[in-house]
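Visitor: Below you'll find the structure I mean.
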Amino acid sequence: MTVSQTSFGSHEPVLDVQDLTVKYIGDSRSTTAVDRVSFSIGTGEVFGLAGESGCGKSTIANSIMRLLKDPAKIAAGSISFGGRDVLAMSPEELRRFRWQDVAMVFQSAMNSLNPVLTIGEQIVDIFTTHAGLSRKESLRRAGELLELVRIDPARLKSYPHQLSGGMRQRAVIAMAVALKPSLLILDEPTTALDVVVQQEIMAQIKELQRELGFSVLFITHDMSLMVELSHRMAVMYGGRIVETARAHDVYADPRHPYTQALMGAFPPLTGPRVPLSGLPDGVKFRNIPDLAEVAPGHLVAPFGAGDLSIAHGTQATDDEDAALEGAIR
Amino acid sequence: MSHSMLSTSTGSGPARTDTPALEVRGLGKSFPIGGLFSRDSVRALHGVDLAIGRGEIVALVGESGSGKSTLARCVARLERPSEGSILLDGTDVLKRDRFQASRAFRSQLQMVFQDPFGSLNPAHRIGHFLRRSLAIHGKGGRSETETQARLEQLMDTVGLQTDMLDSYPHELSGGQRQRVAIARALAVEPQVILADEPTSMLDVSVRIGVLNLMRRLRDEQGISMLYITHDLASARYLADRTAVMFAGELVEEGESLDLLANPAHPYTQLLVSAVPDPARAGSYDPVRRAELRQAVMASTSCAFDGDPDQPCSGDQPVRHQVGDPGNRHWVRCHLYRPRAGAGGHALAADPAAGPSADAGISVHAGPPASAHPRKASA
Ligand SMILES: Nc1ncnc2c1ncn2[C@@H]1O[C@H](COP(=O)(O)OP(=O)(O)OP(=O)(O)O)[C@@H](O)[C@H]1O
Ligand SMILES: Nc1ncnc2c1ncn2[C@@H]1O[C@H](COP(=O)(O)OP(=O)(O)OP(=O)(O)O)[C@@H](O)[C@H]1O
Ligand SMILES: [Mg+2]
Ligand SMILES: [Mg+2]
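Read top to bottom, the protein sequences are chains A and B. No gaps in the numbering here: position 190 of the first sequence is 188 in the working numbering, and each next residue is one more. No gaps in the numbering here: position 272 of the second sequence is 276 in the working numbering, and each next residue is one more.
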């Protein structure tokens, strides 16, 4: 598939992923976790990646970071960063690439801090090893970073287990922006944050991003947040991209039935409680074809009449009908 | 000051008896922080009173670091509370099993942990965790065939394929692990489930499925739940009542629909105002935000001031009743604020706030590199 998408503005793409295919080769079963995925992210662009749980989002992020471990194989495709071939980088190049160029907040952030070092020691470490700063200067910067993510700098002395889930997540966000990378990958960075803190931190990241011009690959299940923050976004299902467009267009005019289910399945904050359902039981998309352009910059994987049966419900009972109205607009 | 708020029935869920399934009274917890000889401590919980009726779902929302997980961990006996009591089905469990949770206790109450990446031992296959839960609590049936059928049924319930029983945790995505954690709690068929952010890594369409499942378990089996979440919309969708925690204390509680429609405490108002909504994208209003922050950190008036029936107090955490008593909606007096140094407090760590919150709050959105005035350490 070689549909190349225009990225935000007229910038050169910073990251360009083409036809990426990743398999997990097991003894008994092999999974194609990512299947011919292409997208690119421009300089200063925030690109959102949404989709089913288990559809391959983290696998894509790990491929970009070259962090895939053994049973995983990049079976096809290319990843280039600022014109350099990421898949061909030497270990030495990779080391620099990972800290200076790209930083990632892992989905397991809460669990990824070193348990025997204080938060302060871990942040100071980043500055002394990768930016060559003095300990004193590093400590000062570490305090500022914690304030950025709304943690009292007194907590520099805390060990990870002494922080709440959301505080650990915030500490990791602080570490990721420490060296001002040109691409920031955020894999579910705010699952443990209340909406107030989430909004303020994301506003601050966006502020930083505008100022420093870095790009963001933003993975989240929170569709409202994604639409608010991303310029463009893609929706994945079963390892494939099923729809991509400007974030606002995906929100206002979702075309693929899976995207429609995603956009319609969040419960409202006002009005009566109505039963909702996600995808009705038994609905699966298989053999998803390549994307086709349905409007300028809006690409959707064509879906057949079989897939459309969702809209009518497969084994519609009264109850399910009511539920479906909520799910599919 | 324990209110018996459960006497009025909401009409949803099965009939309730008067003894709550779970009740905590005056629960408090402090953690020492700093070095070995430091006397600094964090007051993670203070004076928490909360009751969950049989077949009732209560959502617990609140600031990151406000003590929600600590409350759940205390109730699950993973953490020893500094004060207060925990009643499970009317029995004071801290007195009954003094030192650790008994197996009987674990059969009655199960917890789903916040971090799905830290809560599954990497050395075992998924099937092992579920099998073990079934075996310990005698729910495995009489034969291997029955156990296997039960395992497959559990996987199906949480929308996972049966062949994942043979997978190791590292082979699962974040959302898949979360569903294993839910299945593990369900395997035990407990009376009370404490679920700490159980669906935060699920896409909305799977999430709705899990929420519907939780509702069904409540309806069919009368299971009671504490549902900790940051997702106010899902709290509203699932929970009969919602309680709001701020800096280690409950500040407001009520029927979910009423509480979210008429939030009375400044912190709840702040929370509701910050729910992301693409329909009003870009409407983040720093001025309004600063006002609400000010009201949370240093309110100078209370809506109930002058009400002879509900006197205000800045010294005691009095609860004012909000609106119709049928909504079981109360708010803590705005004049009362948690003691400085309590909890993890993200609002207090605002780089914009000057040396003291009372000095007024300036609106700020600068780069982190600029030197901020250091907040006087609370
Ligand atoms: N090491 C592994 N071995 C085998 N299969 C794996 C491995 N890691 C991931 N998978 C499978 O690959 C698929 C994609 O996983 P991935 O973690 O990329 O999903 P995701 O989109 O990030 O999901 P979530 O939103 O739930 O985090 C999943 O079905 C998962 O089970
Ligand atoms: N073992 C511990 N030692 C010291 N302090 C702790 C410990 N566990 C929790 N705390 C502190 O107690 C406070 C409450 O933490 P808790 O994990 O209960 O918050 P939470 O409401 O669950 O937050 P989140 O939504 O971010 O998960 C925090 O300030 C935290 O740093
Ligand atoms: Mg993932
Ligand atoms: Mg927590």
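Just so you know, even glycine gets a beta-carbon here, dropped at the ideal spot from N, CA and C. Nothing here was measured: the structure is a model prediction, and the numbers come from that model.
CB residue 186(B) to CB residue 202(B), shorter than 8 Å?
Guide: yes
Visitor: Between the segment 197 to 212 of chain A and the segment 40 to 51 of chain A, can you find at least three pairs of beta-carbon atoms closer than 8 Å?
Guide: They touch, by the three-pair rule.
Visitor: How is residue 35(B) classed by DSSP in three states: helix, strand or coil?
Guide: strand
Visitor: Between which two residues does the beta strand (DSSP E) holding residue 200(B) run?
Guide: 196 to 200
Visitor: What is the C-beta distance between residue 191(A) and residue 160(A), in whole angstroms, given that I count them as a contact (C-beta under 8 Å)?
Guide: Going by Cβ atoms, the distance from residue 191(A) to residue 160(A) rounds to 18 Å, so no, they are not a contact pair.
Visitor: From the DSSP output, in three-state form, read off residue 79(A) for me.
Guide: strand
Visitor: Would you give the residue range spanned by the alpha helix (DSSP H) that residue 239(B) belongs to?
Guide: 236 to 242
Visitor: Between the segment 68 to 83 of chain B and chain A, which residues of the former have CB atoms less than 7 Å from a CB of the latter, in chain order?
Guide: With the criterion set as a beta carbon lying under 7 Å from some beta carbon of chain A, the members of the segment 68 to 83 of chain B are 68, 69 and 73, in sequence order.
Visitor: Please report the distance separating the alpha-carbon of residue 17(A) from that of residue 76(A).
Guide: 7 Å
Visitor: Can you tell which of 283(A), 226(A) and 300(A) has its C-alpha closest to the C-alpha of residue 291(A)?
Guide: 300(A)
Visitor: Which residues, in order along the segment 226 to 242 of chain B, keep a beta-carbon less than 9 Å from a beta-carbon of chain A?
Guide: 234, 235, 236, 237, 238, 240, 241 and 242
Visitor: Should residue 330(A) and residue 250(A) be called a contact, given that it needs their Cβ atoms to be closer than 8 Å?
Guide: Outside the shown range of chain A (-1 to 327) lies residue 330(A), about which nothing can therefore be said.
Visitor: Please compile the residues from chain B whose C-beta is within a distance smaller than 7 Å of the C-beta of residue 219(A).
Guide: 205, 206, 207 and 208
Visitor: Is residue 177(B) close to chain C? Criterion is C-beta to C-beta, closer than 8 Å.
Guide: The displayed structure is made up of protein chains A and B, and chain C is not among them.
Visitor: Does chain B have any CB closer than 8 Å to the CB of residue 289(A)?
Guide: Judged by the 8 Å Cβ criterion, residue 289(A) is not in contact with chain B.
Visitor: If you follow the alpha helix (DSSP H) that residue 247(A) is in, where does it begin and where does it stop?
Guide: 245 to 250
Visitor: Considering Cα atoms alone, identify which of 231(A), 296(A) and 185(A) is closest to residue 108(A).
Guide: 185(A)
Visitor: Please classify residue 205(B): does DSSP put it in a helix, a strand, or coil?
Guide: Residue 205(B) falls in the coil class under three-state DSSP.
Visitor: Candidates 318(B), 189(B) and 53(B): which alpha carbon is nearest residue 199(B)'s?
Guide: The shortest C-alpha to C-alpha distance from residue 199(B) to any of 318(B), 189(B) and 53(B) is the one to 189(B).
Visitor: So, with DSSP's three-state summary, where would you put residue 335(B)?
Guide: strand
Visitor: From the DSSP output, which residues share a beta bridge with residue 228(B)?
Guide: 196(B)
Visitor: Please report how far the alpha carbon of residue 165(B) lies from the alpha carbon of residue 26(A), in whole angstroms.
Guide: 15 Å
Visitor: With distances taken from CA atoms, which of 64(A), 28(A) and 175(A) is nearest residue 129(A)?
Guide: Nearest in C-alpha terms to residue 129(A), of all of 64(A), 28(A) and 175(A), is 175(A).
Visitor: Would you mind giving the Cβ-Cβ distance between residue 80(B) and residue 137(B), rounded to the nearest angstrom? I have them listed as a contact below 8 Å.
Guide: Going by Cβ atoms, the distance from residue 80(B) to residue 137(B) rounds to 15 Å, so no, they are not a contact pair.
Visitor: With a threshold of 8 Å between beta-carbons, can residue 279(B) be considered close to chain A, or not?
Guide: yes
Visitor: If you follow the alpha helix (DSSP H) that residue 22(A) is part of, which residue opens it and which one closes it?
Guide: It is not in any alpha helix (DSSP H) - residue 22(A) instead sits in the beta strand (DSSP E) that spans 11 to 23.
Visitor: Taking the alpha carbon of residue 131(B) as the reference point, which residue from 111(B), 141(B), 152(B) and 117(B) has its own alpha carbon closest?
Guide: 152(B)
Visitor: Taking only beta-carbon atoms, is residue 331(B) less than 8 Å away from chain A?
Guide: No, its Cβ sits nowhere closer than 8 Å to a Cβ of chain A.
Visitor: Taking only beta-carbon positions, decide if residue 368(B) is within less than 8 Å of chain A.
Guide: Because the pLDDT at residue 368(B) is just 32, under 50, the model does not fix this residue reliably, and the value given afterwards should be weighed accordingly. Not one chain A Cβ lies under 8 Å of residue 368(B).
Visitor: Which ranges does the beta strand (DSSP E) cover as unbroken runs of at least 3 residues, wholly within the segment 204 to 287 of chain A, from first to last along the chain?
Guide: Within the segment 204 to 287 of chain A, the runs of beta strand (DSSP E) that reach at least 3 residues and sit entirely inside it are, in chain order, 213 to 217, 230 to 235 and 238 to 244.
Visitor: So, with DSSP's three-state summary, where would you put residue 125(A)?
Guide: helix
Visitor: Evaluate residue 331(B) with the Cβ neighbour count: other Cβ atoms within 10 Å of its Cβ, from every protein chain shown; 16 or more gives buried, anything less gives exposed.
Guide: Flag for residue 331(B) reads buried.
Visitor: Which same chain residues end up closer than 7 Å to residue 51(B) when comparing Cβ atoms and leaving out the 5 residues on each side of it in sequence?
Guide: Excluding residues up to 5 positions away in sequence, 30, 32, 253 and 321 lie with their Cβ nearer than 7 Å to the Cβ of residue 51(B) in the same chain.
Visitor: Along chain A, in chain order, which residues have C-beta atoms closer than 7 Å to that of residue 37(B)?
Guide: Against chain A, a Cβ distance below 7 Å from residue 37(B) picks out 156 and 160.
Visitor: Compute the minimum distance between the beta carbon of residue 105(A) and the heavy atoms of ligand 3, and state whether it is under 7 Å.
Guide: yes
Visitor: With a threshold of 7 Å (Cβ to nearest heavy atom), would residue 218(A) be considered close to ligand 2?
Guide: For residue 218(A), the CB stays at least 7 Å from every heavy atom of ligand 2.
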